[in-house]
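Residue numbers (the numbering used here), protein chains in the order written: chain A, 2 to 609; chain B, 2 to 609.
Number of protein chains: 2
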Amino acid sequence: MPPQAPESYVDVLIIGAGPAGFMCGNALAAAGDIKVRIIDLRPSKVIAGQADGIQPRTIEVLQSYGLAERLLREGNQMHMCAFYNPNVAGEIQLTSRAPDVTAPTARFPFEVTLHQGAIEQIFMDSMAAHNLRVDRPVKPVAIEVSRDPEQLRSLSSYPVKVTLARLDAAVDADKLEVVHAKYVVGADGAHSWVRKALGITMEGEQTDYVWGVVDMIPDSNFPDIRNKTAIHSTNGSSMIIPREGDKVRLYVQLSESDVVDPATGRVDKNRMSSEQILEVARKTFQPFHIRPLSDVEWWTIYIIGQRVASRYSVEDRVFIAGDACHTHSPKAGQGMNASMNDTHNLAWKMVQVLRGWASPSILKTYEAERRKYAQDLIDFDKQFAALFSGKPRTSNNQDGVTHEDFLKAFQTFGGFTSGIGVHYSPSMIVNTKHQKSAENLVIGERMLPQVFIRAADAKPVEIQDVLPADIRFKILVFLGSMEESRLSEIHTFANELSSPTSFLQRYPMGRQVSLMFDIITIVVGDKQNFNYLSVPAILRPHWSKVLLDDTDVTDSKGGGAYKRFGISAEEVTIVIVRPDGYVGMIAPAVALEDVHAYFASFLATHTV
Amino acid sequence: MPPQAPESYVDVLIIGAGPAGFMCGNALAAAGDIKVRIIDLRPSKVIAGQADGIQPRTIEVLQSYGLAERLLREGNQMHMCAFYNPNVAGEIQLTSRAPDVTAPTARFPFEVTLHQGAIEQIFMDSMAAHNLRVDRPVKPVAIEVSRDPEQLRSLSSYPVKVTLARLDAAVDADKLEVVHAKYVVGADGAHSWVRKALGITMEGEQTDYVWGVVDMIPDSNFPDIRNKTAIHSTNGSSMIIPREGDKVRLYVQLSESDVVDPATGRVDKNRMSSEQILEVARKTFQPFHIRPLSDVEWWTIYIIGQRVASRYSVEDRVFIAGDACHTHSPKAGQGMNASMNDTHNLAWKMVQVLRGWASPSILKTYEAERRKYAQDLIDFDKQFAALFSGKPRTSNNQDGVTHEDFLKAFQTFGGFTSGIGVHYSPSMIVNTKHQKSAENLVIGERMLPQVFIRAADAKPVEIQDVLPADIRFKILVFLGSMEESRLSEIHTFANELSSPTSFLQRYPMGRQVSLMFDIITIVVGDKQNFNYLSVPAILRPHWSKVLLDDTDVTDSKGGGAYKRFGISAEEVTIVIVRPDGYVGMIAPAVALEDVHAYFASFLATHTV
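Below is the structure:
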């Protein structure tokens with residue numbers, strides 16, 4: 002490296018602008034006070050193809066960043082899944098249809114499909130509104146993490162040094178630069194340079210399931226061409242994923258011998274063509290026809306690898322995320338979702354640490370939470386991919402996969418494939434001590450969607466919409482009923498929250514409470530009579546923060562939340578929702594000390 | 002006028018960029034093939050104040066232009082109305098709360114408030130996407146309508162000549178220009194220059210109700226400051242209209258003597274100040290306090306005038322719309338809504354005539370439909386304003402207005418104040434002959450909102466969302482059930498529609514049917530089993546056009562429409578929805594001749 006290479010300093014350097022990198026960049030840029038840079042080695046965003054399915058939970062997450070509205074406007078929705086199996090004549094026929102999403106608490110009970118380029122554009126526009134743009138084409142050529150314990154501990158140091166090469170530089174002298182970063186996120190895909198440079202290994206194996214993928218506008222007389230459809234034919238398996246507009250993606254099972262180069266043992270795209278994949282598809286579709294109306298938009302082939310990185314971090318200063326740390330079958334629609342949710346989990350933790358609010362030790366929960374999830378994902382994927390790639394049971398093949406096996410797996414794994422069932426284990430930020438105070442709000446899972454009625458103006462509001470991904474912990478105070486007999490208990494609680502030793506007063510350290518915490522109070526009361534001003538002032542920082550467990554004026558939404566959540570209307574219950582929307586702790590007011598202890602375990606009482 | 006004044010030609014010249022002008026300009030620009038110009042004499046859009054309430058029906062209309070999403074994102078919602086009256090001590094107290102919208106079929110069961118400037122910005126951005134911008138500051142100085150019957154009849158002539166003055170022209174020579182227009186829309190407000198220039202008189206009178214209006218962020222301990230609230234106090238009446246953010250609008254009843262200049266008999270704003278209005282308000286609010294948190298954002302005073310123009314058109318070549326043809330009390334929140342809906346009614350008719358699709362005679366229905374509505378509005382407003390401005394009944398005032406009187410009026414007029422009850426009388430475009438085929442879909446009223454399930458992909462769709470304001474008539478074919486026994490009837494019907502004498506074939510004259518008509522077929526069938534390909538091809542121009550009267554996969558939306566609408570599942574029923582969303586005709590398939598006759602009464606069989 003020439004000695005004159007320019008040097009710069011950033012809080013976070015993100016390497017790779019794919020789903021994981023974009024989610025990270027957008028979250029950090031939206032925080033407003035983080036110096037962040039995102040680079041990618043490709044000269045422009047993805048134009049077509051790639052991953053394209055967004056799960057119900059990921060839609061909720063995107064909604065928490067204000068991005069779901071556009072996704073829903075532009076994307077296709079999959080509500081139904083159809084299953085086709087061979088009849089006695091060996092031709093496929095409709096066996097049954099079932100809801101595509103089987104998670105009963107899903108706020109968005111469907112999956113959205115939209116090509117990755119359009120999804121990336123949504124992120125790019127949001128990032129641009131926060132003055133962050135992808136710097137491209139730029140690739141990292143060297144990375145060095147300080148070994149000085151003092152530097153690694155210090156919040157003001159920049160212990161990661163990354164050398165970047167600008168690929169479109171006119172002259173070599175302009176090509177290299179050095180970036181000093183407090184944190185680096187390697188979101189650079191399945192062949193991650195960051196992962197390899199840090200010597201992190203992948204664990205797991207490659208399967209021998211080989212699949213072809215074709216995106217096209219079809220000409221077909223297949224009745225379920227607009228549903229997600231799993232076809233098990235005697236000629237192999239296919240899957241239909243309908244897409245935005247009239248487009249459809251076909252996944253087609255291929256024979257390993259057709260696509261693997263025997264010399265290298267690797268998949269060789271040159272051994273296949275979209276025409277050959279479609280020829281295989283046509284056989285699985287019999288007696289229906291399917292062909293591209295005009296050109297094939299995009300196609301590829303792949304072997305399913307089911308692997309997870311041995312670790313997700315080096316010194317909690319460099320993290321890897323997304324495909325860089327886990328690869329699995331795309332047919333359960335997990336890839337892009339797992340990737341986005343990795344950095345959704347990581348971003349708020351980095352911001353809290355960079356602001357001096359949280360101890361750097363919370364960064365360890367990133368690997369603990371997300372690596373466990375990736376392992377579960379691969380365990381699931383092994384079972385699902387085997388069922389999917391297996392031959393159907395017929396009179397000639399009594400060992401084949403039955404429709405019942407497949408449907409049962411499809412529904413059993415509904416929590417998993419929807420993302421709704423993600424469950425983080427106990428840790429410094431997941432405290433299950435008082436789970437019984439709200440038995441049906443599972444600590445470590447995302448806050449359940451529920452409509453409440455805003456007390457001041459009777460507007461129905463979805464609770465998830467008042468829990469935006471804005472770096473703050475949300476304190477939901479289920480105050481119960483406000484009967485005369487309970488008022489002294491309620492005022493005592495409000496006074497305790499106002500005391501200097503309360504977490505609400507302690508961590509903001511003289512700054513506005515609302516900088517770090519948002520307080521939302523939920524009362525058992527009715528919209529016809531309740532006066533929101535009767536709630537103690539500390540529990541209503543704004544008129545919009547008092548909600549009623551009641552129905553809306555048309556009686557068609559809301560109500561019944563206390564019962565549904567298992568919360569008593571006769572005592573005060575605190576539900577702490579993490580900045581990423583997951584329930585971190587629940588406690589009755591009488592255990593307020595435990596809440597103080599929860600925050601004391603990871604929040605700092607001094608600024609950087 | 003200097004002889005060298007530049008001359009130009011447009012299809013439609015819109016004079017005035019307020020709610021009526023914007024709705025017109027946006028609809029014409031979105032059509033794509035209309036040469037339209039919109040001028041306004043103000044140098045920029047409204048910054049604050051003015052009208053700000055959007056009714057449920059207007060939200061539906063904005064949705065049909067794709068504009069409601071942003072309105073809902075930016076605006077405040079009023080779900081509840083509160084009523085305050087004096088107690089025995091003479092202080093106001095909450096009497097009751099009631100849903101703000103009482104129309105049971107409202108798709109959006111609330112009103113939206115947002116300042117007029119923000120609403121205008123939504124239109125401006127939409128128009129800009131269609132390459133139309135407001136030309137300002139420009140004012141009309143002369144208008145001349147041809148008296149040549151031949152010219153007035155011809156579709157290729159430009160019989161209206163308008164001279165415009167550019168107010169920001171640097172030199173006089175650049176100031177004047179002449180525009181020759183096929184049609185002119187005068188949407189230039191209550192003091193309409195167009196109306197006066199054409200000698201159209203206003204009928205009706207001015208009331209002696211004088212009101213002050215103040216927009217501000219309040220500091221108040223009033224419990225219903227975020228609800229629409231009607232206060233009847235012994236010190237006069239007030240009304241609260243909560244607005245976007247933390248803003249509130251107060252309407253305060255004033256004494257005529259305080260604000261009318263005895264010399265002229267006209268309201269003189271110089272005789273009042275926002276402080277004086279607030280001083281009156283404070284008395285009506287006792288025992289609660291209210292004051293501006295900082296500055297008053299905007300204020301005005303006005304006397305309610307209840308007048309309607311004697312005619313809406315000259316030669317069906319110049320039309321007036323909005324405040325130019327009707328003025329009434331703002332407290333029922335009608336002004337901006339009536340104005341937008343005037344040109345929503347007019348725009349598609351002009352486009353159909355300009356394209357040579359419809360006979361110019363349909364333009365007569367504009368005045369017939371909208372002037373009758375304005376008269377009804379004024380009749381309603383007289384009763385409502387009298388109740389609102391009247392003193393409350395107390396022990397000392399037995400003749401006063403009781404809360405029951407007021408609440409009853411509020412709920413009786415719910416269809417009116419929501420805009421949902423707008424009902425157009427029979428005309429060439431409203432044919433009630435076969436009303437009995439769908440007794441609960443009232444011909445002349447807007448198509449009822451209803452969720453159906455898309456047959457091809459089980460997506461729940463709101464029927465209003467597949468009836469966009471895109472100039473086309475929508476043909477809803479309620480096919481009934483598709484049992485074996487009905488198939489020959491269904492195929493006979495499909496064949497009749499395909500015949501050269503069918504309206505579907507006759508008016509497009511060899512062009513694509515979908516250019517003029519959109520066909521949507523609604524079947525009694527279930528999403529688990531129905532095959533959308535079983536519907537005859539002419540009834541499914543696209544896979545998205547077949548809907549099922551079924552519930553969605555979560556069983557929470559849709560279903561029951563045939564019963565609700567009063568449509569038989571045992572015969573084919575055609576529901577024709579006008580381009581503006583109003584039901585124009587209903588007929589059983591056996592009366593297909595009547596449908597042909599309906600279209601023959603106003604559609605042309607030759608191009609211009």
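Quick reminder that beta carbons are idealized off the backbone N, C-alpha and C, glycines included.
Using a beta-carbon distance below 8 angstroms, is residue i in contact with chain B?
| i | result |
| --- | --- |
| K528/A | yes |
| M2/A | Because M2/A carries a pLDDT of 49, less than 50, the predicted location of this residue cannot be relied on, and the following value inherits that uncertainty. No - not a single Cβ of chain B is within 8 angstroms of the one on M2/A. |
| R98/A | yes |
| Q451/A | no |
Residues of chain A with CB under 7 angstroms from residue i, in chain order?
| i | result |
| --- | --- |
| S227/B | In the sequence under discussion, the amino acid at residue 227/B is Arg, which differs from the Ser named in the question. In chain order: A457, D458 and W544. |
Please list the partners that residue i has in chain B, where partner means a Cβ-to-Cβ separation under 7 angstroms.
| i | result |
| --- | --- |
| Q78/A | K460 |
Since residue i meets chain B, which of its residues come closer than 8 angstroms, beta carbon to beta carbon?
| i | result |
| --- | --- |
| M81/A | D458, A459, K528 and V554 |
| P469/A | Those within 8 angstroms of P469/A in chain B number zero; the least Cβ separation is about 14 angstroms. |
With burial defined as no fewer than 16 other Cβ atoms inside 10 Å of the residue's Cβ, what is the status of residue i: buried or exposed?
| i | result |
| --- | --- |
| P243/A | buried |
| D380/A | exposed |
| E571/B | exposed |
| Y610/A | One cannot answer for residue 610/A here, as it falls past the ends of chain A, which runs 2 to 609. |
| H290/B | exposed |
| A129/A | exposed |
| D169/A | exposed |
| M519/A | Reading off the sequence shown, one finds Asp at residue 519/A, where the question assumed Met. Result: buried. |
| R267/A | exposed |
| T344/A | buried |
| T608/B | Low confidence applies here, because T608/B scores a pLDDT of 48, under 50, leaving its location unreliable; read the following figure in that light. Flag for T608/B reads exposed. |
Name, please, each residue of chain B whose Cβ falls closer than 9 angstroms to the Cβ of residue i.
| i | result |
| --- | --- |
| N532/A | L95, P224 and D225 |
I'd like to know if residue i contacts chain A, where contact means its C-beta is closer than 8 angstroms to some C-beta of that chain.
| i | result |
| --- | --- |
| P20/B | no |
| P110/B | yes |
| E145/B | no |
| P70/B | Before going further, note that residue 70/B is Glu rather than Pro in the sequence given. Closer than 8 angstroms: yes. |
| T608/B | Low confidence applies here, because T608/B scores a pLDDT of 48, under 50, leaving its location unreliable and the question unanswered by this model. |
State the start and end residues of the unbroken beta strand (DSSP E) segment that holds residue i.
| i | result |
| --- | --- |
| Q545/A | It should be noted that the sequence gives Ser, not Gln, for residue 545/A. S545/A -> no beta strand (DSSP E), and no H or E assigned at all. |
| T418/A | No beta strand (DSSP E) holds T418/A; the alpha helix (DSSP H) holding it covers G415 to S419. |
| M621/A | Nothing in the structure corresponds to residue 621/A, since chain A is present only between 2 and 609. |
| H192/A | No beta strand (DSSP E) contains H192/A, which DSSP labels as neither H nor E. |
| M240/B | G237 to P243 |
| S360/A | Taken as a continuous stretch (DSSP letters only), S360/A belongs to no beta strand (DSSP E), as it is neither H nor E. |
For residue i, go through chain A and note every residue whose CB falls closer than 9 angstroms to its CB, in chain order.
| i | result |
| --- | --- |
| P44/B | Per Cβ cutoff of 9 angstroms: no residues; P44/B is ~29 angstroms from chain A at best. |
Name the DSSP bridge partner or partners of residue i?
| i | result |
| --- | --- |
| E298/A | DSSP lists no partner for E298/A. |
| F518/A | F474/A |
| S314/B | F320/B |
| H181/A | Y10/A and K162/A |
| D216/B | R250/B and W299/B |
| G481/A | V524/A |
| T328/A | R308/A |
In the DSSP assignment, find the alpha helix (DSSP H) that holds residue i and state where it starts and stops.
| i | result |
| --- | --- |
| V44/B | Val is not the amino acid found at residue 44/B; the sequence shown has Pro there. No alpha helix (DSSP H) contains P44/B, which DSSP labels as neither H nor E. |
| Y599/A | L593 to A601 |
| K140/A | Note, K140/A: premise wrong, no alpha helix (DSSP H); beta strand (DSSP E) at V139 to V146. |
| T285/A | S275 to F286 |
| task | Would you list, in chain order, the members of the stretch 231–263 of chain B that have their beta-carbon closer than 7 angstroms to a beta-carbon of chain D? | result | Absence of chain D from the displayed structure is noted, the protein chains being A and B.
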